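Taken in order, the sequence shown gives residues 3 to 88; the numbers are from my numbering.
We treat Cβ as the ideally placed atom computed from N, Cα and C, and that holds for glycine.
As the structure is a computational prediction, the values presented were derived from the model and not from experiment.
Have a look at the structure below before the remarks.
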Amino acid sequence: MSTEQEINPVCEATIMNVPQLLSYLLNTGWVESNTYPNHYTKCGTRGLVAIDKTTGQAFIVEFVGDVPWSKIQSFEQFERDVSHLQ
3 MSTEQEINPV
13 CEATIMNVPQ
23 LLSYLLNTGW
33 VESNTYPNHY
43 TKCGTRGLVA
53 IDKTTGQAFI
63 VEFVGDVPWS
73 KIQSFEQFER
83 DVSHLQ
C-alpha cells in the first residue's frame, strides 16, 4: 500500500468493506439511528445508509424498508450517489 493510501484510505475507486465504511460514516457526520439498528443518517441528507453486516453489503435507501436506491461498492461511488440525496 502506498503512503498516500495509508494517509487517505478514502480515495477514488477504493473498494469498501463494512468496517471501513462504518469508520468513514462516523468520521463524516453520519450517526446510527436510535430506532433502526445498522441504519445511519446525516443531518441535511434525505435517506439512510443501511448496512447488512451478515452479508457485508451496504445500501442507500430513502426510507427504512424501502427498495435500495444504490448498492455501495466503493467510496467514490457512495459520495456520488449520496450527493443526489442532499
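*Shortest alpha-carbon distance to residue 74 belongs to which of 60, 53 and 82?*
Residue 74 sits at position 72 when you count from the first residue of the sequence shown. Answer by Cα proximity: 60.
_Neighbourhood of residue 80 by C-beta, 6 Å cutoff - its chain only, sequence neighbours within 5 removed_ = Counted from its first residue, the sequence shown places residue 80 at position 78. Residues 74 of the same chain have their beta carbon placed closer than 6 Å to that of residue 80, with the five preceding and five following residues left out of the count.
*Reference residue 2, options 58, 63 and 57, closest by Cα*: This structure cannot speak to residue 2, because the chain is shown only from 3 to 88.
*Take residue 87 and list the residues in its own chain whose beta-carbon comes closer than 6 Å to its own, dropping the five residues that flank it on each side.*
For the purposes of this step, residue 87 is taken as the residue at position 85 of the sequence shown. Once the five neighbours on either side are set aside, the close Cβ partners of residue 87 are 47, 48 and 49.
*First and last residue of the beta strand (DSSP E) that includes residue 54?*
Locating residue 54 in the sequence shown gives position 52, where the first residue counts as 1. Start and end: 50–54.
*Have a look at the DSSP bridge pairing and note the partners of residue 108.*
With the chain covering 3 to 88 only, the question about residue 108 has no answer from this structure.
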